[in-house]
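Number of protein chains: 2
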Amino acid sequence: MADEQNIVSAPRLWLVLARAYGSMVDFIERSINAQGLGISDFMVLEVLLHKGPLTISVIGEKVLLASASMTSAIDRLEKRGLVLRRSCNSDRRIRLVELTTEGTGFIEEIYARHEKDLQFVMAGLTDDERKTMYEGLKKIGLAAKVAVPTEKCKTA
Amino acid sequence: MADEQNIVSAPRLWLVLARAYGSMVDFIERSINAQGLGISDFMVLEVLLHKGPLTISVIGEKVLLASASMTSAIDRLEKRGLVLRRSCNSDRRIRLVELTTEGTGFIEEIYARHEKDLQFVMAGLTDDERKTMYEGLKKIGLAAKVAVPTEKCKTA
DNA sequence: GAATCTTATCTCGATATCGAGATATCTTAT
DNA sequence: ATAAGATATCTCGATATCGAGATAAGATTC
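These protein sequences, in sequence, are chains W and A.
Counted the way UniProt numbering counts, the first sequence spans residues 1 to 156.
Counted the way UniProt numbering counts, the second sequence spans residues 1 to 156.
Below is the structure:
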């Protein structure tokens, strides 16, 4: 089905996209949960590893967490000694979050495995396929972000 | 970046996949939340609409919810009068869940809009692109489901 | 410099989800 | 028929997340 000449309908494509995403998340979680780390906390650490110290709200934008969720995420990581909050003299509203030495080693090792895992899962894709998927997914993501959903026709 | 000749790395492809998924979920939620319906509840109703009455565990497999989550999902929908649980004589462990008349009308209307929304967001994709993405996403999903994450090298 | 607006973070209460375990029922082997 | 195991659902407690509102500090306007 949906093989040779059949057109892939939007709902079918969305379904397979959602399934692929779900399987990927499961897969990634299986690797990460071993260290007692959730995906969100992992993403926070990863951002800090690759971008250096950042404010809580900037991290939140990168990992797509609301401010309330960020507060507890950083709380969790701080309690485990993986990050620390540092106050800033020039702007005292801000708390700059940075990895501790322990946190750096921790996330470096996990991320290295994570990257290998991703490469392994995507090994079956040719460069052309990757390119097409990359562009297509970007198109979808952008369209979804900009689009306004169909309104219910209200009689009022 | 990642344009003409550059190879799309696995992490980049995963990132854009995750972003596209997130934007799509937001988009779909914007449309569905208006009716005070969450994505999971929407999916439950949708499955019932297209497959007819099903047991709780079968629905759970289709919408990827754990049994505990299914119990409360069906509770929510039943409380709103959109579905009902029917006991089964041939197997009294089972509860067959079916749409009420009201539930049927409700989900039919919402799903029609949902389908239009999906088509709109994906309108920019050619048939070839859809096909490649469909196959590629299936590959990724399958690989992720089968794969065993890299193990941490334990010294024990 | 006081009033007002904006921004960054935190607190609180509500919710969806899950894992583990309880219960009831069905199935199978003896 | 009975025991043992499998299956379907539910209950309970824990968790991550969010929205709304509180607080504090910086920025702007008069």
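Backbone N, C-alpha and C define an ideal beta-carbon position, used for all residues, glycine too.
The structure presented is a predicted model; accordingly, all values stated were derived computationally and were not measured.
Touch test, the segment 107-117 of chain A against the segment 81-95 of chain W, Cβ-Cβ under 8 Å, three pairs minimum:
Contact annotation: the segment 107-117 of chain A does not touch the segment 81-95 of chain W, with fewer than three C-beta pairs closer than 8 Å.
Just to confirm the assignment: which complete alpha helix (DSSP H) runs, minimum length 4, are found wholly within the UniProt domain "HTH marR-type" (10-142) of chain A?
As far as the UniProt domain "HTH marR-type" (10-142) of chain A is concerned, its whole alpha helix (DSSP H) runs of at least 4 residues are 10-33, 39-51, 56-63, 67-79, 101-121.
Taking only the alpha-carbon atoms, compute the straight-line gap between alanine 123(W) and alanine 147(W) and give it to the nearest angstrom.
33 Å
Would you call serine 69(W) buried or exposed, if buried means 16 or more other Cβ atoms sit within 10 Å of its Cβ?
Label assigned to serine 69(W): exposed.
Okay, do the segment 70-80 of chain A and the segment 15-34 of chain A touch, 3+ Cβ pairs below 8 Å being the bar?
no
Ignore the nearest five residues each way along the sequence and tell me which others in serine 67(W)'s own chain have a CB closer than 7 Å to its CB.
So the qualifying residues of the chain are Ser57, Gly60.
Proximity below 7 Å, CB of serine 40(W) to CB of alanine 18(W):
no
Thinking valine 8(W) and lysine 131(A) are a contact (beta carbons under 8 Å), I'd like their distance in whole angstroms, please.
Between valine 8(W) and lysine 131(A), the beta carbon gap of about 6 Å places them in contact (Cβ cut-off 8 Å).
Smallest Cα separation from valine 121(W): which of Ala20(W), Leu142(W), Ile107(W), Ala144(W)?
Ala20(W)
Is it buried or exposed for alanine 143(A), if we count other Cβ within 10 angstroms and need 16 for buried?
buried
Hey, is leucine 137(W) close to the ligand FMN, as in C-beta under 6 Å from one of its heavy atoms?
As far as ligands go, the structure on display features none, and thus does not contain the ligand FMN.
Let's test the definition: count the other Cβ atoms within 10 Å of the Cβ of residue 159(W) and tell me whether it reaches 16, buried, or not, exposed.
Residue 159(W) is absent from the model: chain W starts at 1 and stops at 156.
Whole-Å CB distance - leucine 13(A) paired with methionine 133(W), under 8 Å assumed:
6 Å
If you measure beta-carbon to beta-carbon, which residues of the segment 130-145 of chain W are closer than 7 Å to chain A?
Within the segment 130-145 of chain W, those residues whose Cβ lies closer than 7 Å to any Cβ of chain A are, in chain order, Arg130, Lys131, Thr132, Met133, Tyr134, Gly136, Leu137, Lys138, Lys139, Ile140, Gly141, Ala143, Ala144, Lys145.
Buried versus exposed call for glycine 136(W) [16 or more other C-beta atoms within 10 Å across all chains shown]
Glycine 136(W) comes out buried.
Neighbour list for serine 40(W) in chain A, Cβ cutoff strictly below 7 Å:
The contacting residues do not exist; serine 40(W) stays about 12 Å from chain A at best.
For leucine 45(A), which residues of its own chain have a beta-carbon under 6 Å away from its beta-carbon, when the five flanking residues on both sides are left out?
Same-chain partners within the cutoff: Ile107.
Could you tell me how far apart the beta carbons of leucine 82(A) and leucine 99(A) are, in whole angstroms, since I believe they sit closer than 8 Å?
7 Å
Please classify serine 23(A): is it buried, with 16 or more other beta-carbons within 10 angstroms of its beta-carbon, or exposed?
buried
Going along chain W in order, which residues have a C-beta closer than 9 Å to the C-beta of glutamate 78(A)?
Those do not exist, as glutamate 78(A) stays about 24 Å from chain W at its closest Cβ, beyond 9 Å.
Check residue 162(W) in the structure and name its three-state DSSP category.
Look at the range of chain W in this structure, 1 to 156, and you will see that residue 162(W) is not part of it.
Spatial neighbours of residue 161(W) within its chain, please: C-beta separation below 8 Å, excluding the five flanking residues on both sides.
In the structure displayed, chain W extends from 1 to 156; residue 161(W) sits before or after that span and is not available.
Pull up the distance between the alpha-carbon of isoleucine 140(W) and that of glycine 141(A), whole angstroms please.
18 Å
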